[in-house]
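Asker:
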Amino acid sequence: MLLNIRIDYKIADIGTMEESYSKLDELNAKLHEQVNIQEEVTLKTCNRYEIYLILEEDVNLPATNFIIEKDDVAINHLLRLASGLESMIMGEDQILGQIKTARKNAIKNATIGPKLEKVFTKAIHVGQSIRKNTHINEGGVSVGSGAVELIEQKYGSLEGKNVLIVGAGEMGTVVSKALLEKQTNAIVVANRTYDKAQELAKELDGIAIKFKSMDENLHKIDVLISATGAPHTLINKKRLEVLPQEHLENMIMLDLANPR
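Per our numbering, the sequence shown runs over residues 2 to 261.
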(Lines of atoms letter the chains of each structure in order from A and count residues from 1; the text may use other names and numbers.)
(Lines give C-alpha, C1' and ligand atoms only; values in the text may rest on other atoms or scores of the structure.)
Protein backbone atom coordinates (compact mmCIF):
# COMPACT_ATOMS: atom_id res chain seq x y z
CA MET A 1 0.00 0.00 0.00
CA LEU A 2 1.17 3.51 -0.84
CA LEU A 3 0.52 6.04 1.91
CA ASN A 4 0.93 9.82 1.70
CA ILE A 5 0.83 11.93 4.88
CA ARG A 6 1.20 15.67 4.47
CA ILE A 7 0.58 19.19 5.67
CA ASP A 8 0.75 22.15 3.30
CA TYR A 9 -0.11 25.81 2.83
CA LYS A 10 -3.70 24.94 1.90
CA ILE A 11 -4.57 23.78 5.41
CA ALA A 12 -2.02 25.62 7.57
CA ASP A 13 -0.03 28.82 7.70
CA ILE A 14 3.78 28.67 7.81
CA GLY A 15 3.89 28.97 11.60
CA THR A 16 1.48 26.05 12.05
CA MET A 17 3.41 23.97 9.53
CA GLU A 18 6.68 24.55 11.35
CA GLU A 19 5.07 23.50 14.63
CA SER A 20 3.72 20.38 12.91
CA TYR A 21 7.02 19.14 11.47
CA SER A 22 8.03 17.34 14.66
CA LYS A 23 4.53 15.87 15.06
CA LEU A 24 4.65 14.43 11.56
CA ASP A 25 8.09 13.01 12.29
CA GLU A 26 6.71 11.43 15.48
CA LEU A 27 3.79 9.89 13.57
CA ASN A 28 6.19 8.52 10.99
CA ALA A 29 8.42 7.05 13.71
CA LYS A 30 5.41 5.31 15.30
CA LEU A 31 4.45 3.85 11.93
CA HIS A 32 7.97 2.44 11.58
CA GLU A 33 7.54 0.76 14.96
CA GLN A 34 4.09 -0.66 14.21
CA VAL A 35 4.26 -1.85 10.61
CA ASN A 36 6.79 -2.91 8.01
CA ILE A 37 7.78 0.20 6.02
CA GLN A 38 9.32 -1.02 2.78
CA GLU A 39 10.05 2.32 1.08
CA GLU A 40 10.04 6.00 2.00
CA VAL A 41 10.47 9.38 0.29
CA THR A 42 10.26 12.67 2.19
CA LEU A 43 9.50 16.02 0.55
CA LYS A 44 9.95 19.17 2.63
CA THR A 45 9.68 22.70 1.21
CA CYS A 46 8.63 26.09 2.57
CA ASN A 47 5.01 25.32 1.61
CA ARG A 48 4.65 21.63 2.44
CA TYR A 49 5.94 18.62 4.29
CA GLU A 50 5.02 15.27 2.76
CA ILE A 51 5.99 11.69 3.48
CA TYR A 52 5.39 8.89 0.97
CA LEU A 53 5.53 5.34 2.29
CA ILE A 54 5.13 1.84 0.90
CA LEU A 55 3.62 -0.38 3.59
CA GLU A 56 3.33 -4.14 3.59
CA GLU A 57 -0.28 -3.88 4.79
CA ASP A 58 -3.01 -1.30 5.38
CA VAL A 59 -2.94 0.65 8.61
CA ASN A 60 -5.49 2.61 10.60
CA LEU A 61 -4.09 5.97 11.60
CA PRO A 62 -5.37 8.10 14.49
CA ALA A 63 -7.25 11.30 13.69
CA THR A 64 -4.75 14.06 12.97
CA ASN A 65 -4.56 17.48 11.36
CA PHE A 66 -2.59 15.99 8.50
CA ILE A 67 -3.94 15.03 5.09
CA ILE A 68 -3.76 11.26 4.66
CA GLU A 69 -4.25 9.64 1.24
CA LYS A 70 -3.61 6.16 -0.10
CA ASP A 71 -2.78 4.38 -3.35
CA ASP A 72 -4.34 5.95 -6.48
CA VAL A 73 -5.49 9.08 -4.63
CA ALA A 74 -1.97 9.65 -3.30
CA ILE A 75 -0.44 9.03 -6.73
CA ASN A 76 -2.87 11.47 -8.35
CA HIS A 77 -1.84 14.10 -5.81
CA LEU A 78 1.86 13.59 -6.61
CA LEU A 79 1.17 13.90 -10.35
CA ARG A 80 -0.71 17.15 -9.79
CA LEU A 81 2.05 18.35 -7.48
CA ALA A 82 4.78 17.66 -10.04
CA SER A 83 2.71 19.46 -12.69
CA GLY A 84 2.55 22.63 -10.59
CA LEU A 85 -1.20 22.35 -10.04
CA GLU A 86 -0.93 22.18 -6.25
CA SER A 87 1.51 25.08 -5.91
CA MET A 88 0.73 28.43 -4.33
CA ILE A 89 1.68 29.94 -7.70
CA MET A 90 0.25 27.58 -10.30
CA GLY A 91 2.71 26.14 -12.77
CA GLU A 92 5.88 27.16 -10.91
CA ASP A 93 8.97 25.11 -11.74
CA GLN A 94 10.52 25.02 -8.28
CA ILE A 95 8.36 22.14 -7.05
CA LEU A 96 9.47 19.86 -9.89
CA GLY A 97 13.09 20.40 -8.89
CA GLN A 98 12.18 19.75 -5.25
CA ILE A 99 10.53 16.45 -6.18
CA LYS A 100 13.65 15.45 -8.12
CA THR A 101 15.77 16.32 -5.08
CA ALA A 102 13.50 14.29 -2.76
CA ARG A 103 13.92 11.27 -5.06
CA LYS A 104 17.71 11.73 -5.22
CA ASN A 105 17.93 11.99 -1.43
CA ALA A 106 15.89 8.82 -1.03
CA ILE A 107 18.22 7.02 -3.47
CA LYS A 108 21.24 8.31 -1.54
CA ASN A 109 19.74 7.18 1.78
CA ALA A 110 18.61 3.85 0.29
CA THR A 111 14.99 4.36 1.40
CA ILE A 112 13.40 4.25 -2.06
CA GLY A 113 12.57 0.97 -3.79
CA PRO A 114 11.04 -0.11 -7.11
CA LYS A 115 7.49 1.01 -6.28
CA LEU A 116 8.19 4.59 -5.22
CA GLU A 117 10.93 4.84 -7.86
CA LYS A 118 8.32 4.07 -10.52
CA VAL A 119 5.81 6.53 -9.04
CA PHE A 120 8.29 9.39 -8.65
CA THR A 121 9.88 8.85 -12.06
CA LYS A 122 6.41 8.92 -13.62
CA ALA A 123 5.52 12.09 -11.70
CA ILE A 124 8.68 13.84 -12.90
CA HIS A 125 7.99 12.85 -16.52
CA VAL A 126 4.38 14.04 -16.23
CA GLY A 127 5.50 17.34 -14.71
CA GLN A 128 7.94 17.90 -17.56
CA SER A 129 5.37 16.92 -20.21
CA ILE A 130 2.67 19.19 -18.77
CA ARG A 131 4.99 22.18 -18.86
CA LYS A 132 6.16 21.40 -22.40
CA ASN A 133 2.68 20.88 -23.85
CA THR A 134 0.66 23.48 -21.96
CA HIS A 135 3.29 26.20 -21.26
CA ILE A 136 1.80 26.49 -17.77
CA ASN A 137 5.18 27.68 -16.51
CA GLU A 138 5.54 30.63 -18.86
CA GLY A 139 5.77 34.11 -17.37
CA GLY A 140 6.23 34.87 -13.69
CA VAL A 141 5.44 31.53 -12.10
CA SER A 142 7.66 31.15 -9.06
CA VAL A 143 7.52 32.35 -5.49
CA GLY A 144 10.49 34.54 -6.37
CA SER A 145 8.82 36.20 -9.34
CA GLY A 146 5.61 36.54 -7.34
CA ALA A 147 7.53 38.30 -4.57
CA VAL A 148 9.14 40.69 -7.03
CA GLU A 149 5.78 41.45 -8.66
CA LEU A 150 4.28 42.12 -5.22
CA ILE A 151 7.02 44.65 -4.47
CA GLU A 152 6.41 46.41 -7.78
CA GLN A 153 2.64 46.45 -7.31
CA LYS A 154 2.92 48.03 -3.89
CA TYR A 155 5.96 50.26 -4.29
CA GLY A 156 6.54 50.79 -8.00
CA SER A 157 9.43 50.00 -10.33
CA LEU A 158 12.67 48.49 -9.05
CA GLU A 159 14.66 50.23 -11.76
CA GLY A 160 17.77 51.83 -10.32
CA LYS A 161 17.24 50.33 -6.85
CA ASN A 162 19.90 48.65 -4.74
CA VAL A 163 18.61 45.27 -3.59
CA LEU A 164 20.09 43.20 -0.76
CA ILE A 165 19.24 39.51 -0.65
CA VAL A 166 20.07 37.83 2.64
CA GLY A 167 20.53 34.13 1.95
CA ALA A 168 22.07 32.36 -1.04
CA GLY A 169 20.10 29.14 -0.80
CA GLU A 170 17.23 27.93 -2.93
CA MET A 171 14.82 30.77 -2.15
CA GLY A 172 17.52 33.44 -2.39
CA THR A 173 18.51 32.09 -5.80
CA VAL A 174 14.94 32.05 -7.11
CA VAL A 175 14.30 35.63 -5.99
CA SER A 176 17.63 36.82 -7.35
CA LYS A 177 16.94 35.43 -10.80
CA ALA A 178 13.50 37.04 -10.81
CA LEU A 179 15.23 40.39 -10.23
CA LEU A 180 17.58 40.09 -13.20
CA GLU A 181 15.20 41.64 -15.74
CA LYS A 182 14.18 44.51 -13.46
CA GLN A 183 17.10 46.84 -14.28
CA THR A 184 18.09 47.27 -10.67
CA ASN A 185 21.20 49.31 -9.96
CA ALA A 186 22.82 46.52 -7.95
CA ILE A 187 21.96 43.12 -6.49
CA VAL A 188 23.92 42.48 -3.31
CA VAL A 189 24.04 38.98 -1.80
CA ALA A 190 24.87 38.36 1.86
CA ASN A 191 25.29 34.85 3.21
CA ARG A 192 26.93 33.24 6.23
CA THR A 193 28.99 31.13 3.84
CA TYR A 194 30.79 33.74 1.77
CA ASP A 195 31.67 31.30 -1.02
CA LYS A 196 27.97 30.69 -1.66
CA ALA A 197 27.31 34.43 -1.74
CA GLN A 198 30.13 34.84 -4.28
CA GLU A 199 28.82 31.99 -6.40
CA LEU A 200 25.30 33.45 -6.60
CA ALA A 201 26.55 37.01 -7.09
CA LYS A 202 28.67 35.85 -10.02
CA GLU A 203 25.59 34.35 -11.71
CA LEU A 204 23.75 37.64 -11.27
CA ASP A 205 26.64 39.95 -12.12
CA GLY A 206 26.02 41.22 -8.61
CA ILE A 207 28.04 41.91 -5.47
CA ALA A 208 28.80 39.48 -2.66
CA ILE A 209 29.36 40.68 0.88
CA LYS A 210 30.25 38.81 4.03
CA PHE A 211 27.41 38.42 6.48
CA LYS A 212 29.30 40.32 9.16
CA SER A 213 29.57 43.27 6.74
CA MET A 214 25.82 43.50 6.21
CA ASP A 215 25.18 46.21 8.82
CA GLU A 216 27.65 48.65 7.29
CA ASN A 217 25.94 48.28 3.90
CA LEU A 218 22.31 48.68 4.96
CA HIS A 219 22.31 52.46 4.50
CA LYS A 220 22.92 51.90 0.75
CA ILE A 221 20.00 49.48 0.34
CA ASP A 222 16.56 50.34 -1.05
CA VAL A 223 15.06 46.83 -0.98
CA LEU A 224 15.92 44.15 1.59
CA ILE A 225 14.76 40.58 1.00
CA SER A 226 15.36 37.98 3.71
CA ALA A 227 15.45 34.49 2.22
CA THR A 228 17.43 32.48 4.75
CA GLY A 229 16.86 29.16 6.43
CA ALA A 230 18.28 30.34 9.75
CA PRO A 231 16.30 29.23 12.84
CA HIS A 232 16.63 32.67 14.47
CA THR A 233 15.80 36.26 13.54
CA LEU A 234 18.49 37.94 11.45
CA ILE A 235 16.90 41.26 10.51
CA ASN A 236 15.99 42.64 13.92
CA LYS A 237 15.22 45.99 15.52
CA LYS A 238 18.78 46.47 16.75
CA ARG A 239 20.10 46.02 13.25
CA LEU A 240 17.69 48.54 11.73
CA GLU A 241 17.37 51.25 14.38
CA VAL A 242 20.82 52.68 13.58
CA LEU A 243 19.61 53.69 10.11
CA PRO A 244 18.39 57.25 9.50
CA GLN A 245 14.62 57.39 10.00
CA GLU A 246 14.02 58.75 6.51
CA HIS A 247 15.95 55.90 4.92
CA LEU A 248 14.19 53.32 7.08
CA GLU A 249 10.77 54.69 6.13
CA ASN A 250 11.60 54.36 2.43
CA MET A 251 13.25 50.95 2.62
CA ILE A 252 11.18 48.03 1.32
CA MET A 253 11.58 44.82 3.35
CA LEU A 254 10.23 41.42 2.38
CA ASP A 255 10.43 38.32 4.58
CA LEU A 256 10.69 35.05 2.64
CA ALA A 257 12.75 33.30 5.30
CA ASN A 258 11.77 29.83 6.40
CA PRO A 259 11.50 29.14 9.29
CA ARG A 260 10.00 32.43 10.39
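Even for Gly, the Cβ is constructed at its ideal location relative to N, Cα and C.
These numbers come from a predicted model, not from an experiment.
Kindly list the residues whose CB is nearer than 7 Å to the CB of residue 174, restricted to its own chain and excluding five residues on each side of it in sequence; keep chain order.
Answerer: What you label residue 174 is simply residue 173 of the sequence shown in a count that begins at 1. Sequence-distant partners of residue 174 (beyond 5 residues in either direction) whose C-beta falls short of 7 Å from its own C-beta, in its chain, are 201.
Asker: Check each candidate in 94, 130, 109 and name the one with the smallest Cα separation from residue 40.
Answerer: Residue 40 sits at position 39 when you count from the first residue of the sequence shown. The candidate whose alpha carbon is nearest that of residue 40 is 109.
Asker: Run the CB neighbour count on residue 51, radius 10 Å, all protein chains shown included, and call it buried at 16 or more, exposed below.
Answerer: Taking the first residue of the sequence shown as position 1, residue 51 is located at position 50. Buried, by the Cβ-count rule.
Asker: Within a Cβ cutoff of 8 Å, which residues of the same chain sit near residue 120, ignoring the five residues on either side of it in sequence?
Answerer: The residue labelled residue 120 in the question sits at position 119 within the sequence shown. Excluding residues within five positions, the ones whose Cβ falls inside 8 Å are 3, 53, 76, 79.
Asker: Starting from the Cα of residue 258, find the closest Cα among 160, 47, 8 and give me that residue.
Answerer: On the sequence shown, position 257 is the one that residue 258 refers to. It is 47 whose Cα lies nearest to the Cα of residue 258.
Asker: For residue 125, which residues in the same chain have their Cβ closer than 8 Å to its Cβ, ignoring the five residues on either side in sequence?
Answerer: What you label residue 125 is simply residue 124 of the sequence shown in a count that begins at 1. The answer, listed in chain order, is 83, 97, 100, 101, 104.
Asker: Between the C-alpha atoms of residue 188 and residue 179, what's the straight-line distance to the nearest angstrom?
Answerer: Taking the sequence shown and counting its residues from 1, the one referred to as residue 188 is at position 187. Taking the sequence shown and counting its residues from 1, the one referred to as residue 179 is at position 178. One alpha carbon belongs to residue 188, the other to residue 179, and they sit about 11 Å apart.
Asker: Excluding the five sequence neighbours on either side, which residues of its own chain have a C-beta within less than 7 Å of the C-beta of residue 240, listed in chain order?
Answerer: Reading the sequence shown from its first residue, position 239 is the one you call residue 240. These residues qualify, in order along the chain: 216.
Asker: Closest to residue 184 by C-alpha separation, out of 25, 195, 161, 172, would be which residue?
Answerer: Stepping through the sequence shown from its first residue, residue 184 is reached at position 183. For residue 184, the nearest C-alpha among the options comes from 161.
Asker: For residue 95, count neighbouring C-beta atoms within 10 Å of its own C-beta (all shown protein chains included) and say buried if the count is 16 or more, exposed if not.
Answerer: Here residue 95 corresponds to residue number 94 of the sequence shown, with the count starting at 1. Residue 95 is buried by the Cβ-count criterion.
Asker: What do you reckon, are the CB atoms on residue 149 and residue 176 nearer than 8 Å?
Answerer: Sequence index remark: in the sequence shown, residue 149 carries index 148 (1-based). Sequence index remark: in the sequence shown, residue 176 carries index 175 (1-based). Closer than 8 Å, so yes.
Asker: Would you grab the beta carbon distance between residue 6 and residue 69 for me? Rounded to a whole angstrom, and I think it's under 8 Å.
Answerer: The residue you call residue 6 lines up with position 5 of the sequence shown. The residue you call residue 69 lines up with position 68 of the sequence shown. About 5 Å separates the two Cβ atoms, so the contact holds.
Asker: Can you tell which of 116, 157, 129 has its C-alpha closest to the C-alpha of residue 86?
Answerer: Within the sequence shown, numbered from 1, the residue matching residue 86 stands at position 85. Out of 116, 157, 129, 129 has the C-alpha closest to the C-alpha of residue 86.
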